[in-house]
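Numbering (full-length UniProt numbering), first residue to last: 1 to 125.
Cβ coordinates follow ideal geometry from the N, Cα and C atoms, glycine included.
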Amino acid sequence: MRRDVELGPYLRFKKKYLEGVLSGKKHVTVRYGVVRPRFSFIFIVCCGEIYGEAVITRVYYTKLGRLGEDVVAAEGLHSRDDLVNELREIYGEVREDDAVSVIFFTLVRRYEKPVPLSHLRGGRA
């Protein structure tokens with residue numbers, strides 16, 4: 001399966017990764033396919049709420065099978081198998097020769113209290 005998408009102003013995370021992102025420990029995310037950010041300034045989103053702001057500092061594209069342990073560790077995972085399993089949970093079947101995007105970001109602002117995403121969308125969910 002080939003996936004080629006644009007990333008809008010939101011970088012979404014599962015709840016289990018949110019604290020790592022907000023603490024600055026997690027500053028890399030691997031996304032399936034070729035994901036092209038349209039903006040360098042993005043909002044950190046989880047469960048329909050915005051938790052902070054970040055800047056995308058670097059993006060590169062590679063094959064899943066070529067990802068090194070350094071990227072896996074920066075993702076906050078223990079092994080490549082964990083990463084592959086996470087990608088499969090989200091996207092379905094993935095193969096070693098499938099493209100992935102490695103997105104580096106820096107948290108620039110953590111909100112004291114999350115803001116519902118609908119507030120930025122003018123009340124639309």
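Residue i and residue j closer than 9 angstroms at C-beta
{"i": "Phe-105", "j": "Ile-56", "result": "yes"}
{"i": "Val-94", "j": "Val-84", "result": "yes"}
{"i": "Glu-69", "j": "Arg-80", "result": "yes"}
{"i": "Arg-38", "j": "Ala-99", "result": "no"}
{"i": "Leu-67", "j": "Val-115", "result": "no"}
{"i": "Leu-120", "j": "Tyr-32", "result": "no"}
{"i": "Lys-63", "j": "Glu-96", "result": "yes"}
{"i": "Cys-47", "j": "Lys-15", "result": "yes"}
Enclosing beta strand (DSSP E) for residue i [first to last residue]
{"i": "Ser-40", "result": "Segment: none, Ser-40 is in no beta strand (DSSP E) and carries neither H nor E."}
8 angstroms Cβ shell around residue i - same chain, five flanking residues per side excluded
{"i": "Val-45", "result": "Tyr-10, Leu-11, Arg-12, Phe-13, Tyr-51, Leu-117"}
CB-CB length for residue i against residue j, believed under 8 angstroms
{"i": "Tyr-61", "j": "Val-34", "result": "6 angstroms"}
{"i": "Val-28", "j": "Glu-75", "result": "6 angstroms"}
{"i": "Ala-54", "j": "Leu-18", "result": "No, Ala-54 and Leu-18 are not in contact; Cβ-Cβ is about 12 angstroms, not under 8 angstroms."}
Element boundaries [alpha helix (DSSP H), containing residue i]
{"i": "Leu-117", "result": "117 to 120"}
Proximal residues to residue i (C-beta, below 6 angstroms), its chain only, five neighbours per side dropped
{"i": "Leu-77", "result": "Leu-83"}
{"i": "Ala-125", "result": "Reliability of the predicted coordinates at Ala-125 is poor, the pLDDT of 47 falling under 50, and no value is obtained from them."}
{"i": "Tyr-91", "result": "Tyr-32"}
{"i": "Arg-110", "result": "Leu-22, Gly-52"}
Residues near residue i by beta carbon distance below 7 angstroms, same chain, minus five either side
{"i": "Val-21", "result": "Phe-13, Ile-44, Leu-107"}
{"i": "Gly-24", "result": "Leu-107"}
{"i": "Arg-36", "result": "Glu-6, Leu-7"}
{"i": "Gly-65", "result": "Glu-96, Asp-97"}
Just to confirm the assignment: which complete alpha helix (DSSP H) runs, minimum length 4, are found wholly within the UniProt domain "ASCH" (11 to 109)?
15 to 23, 69 to 74, 80 to 91
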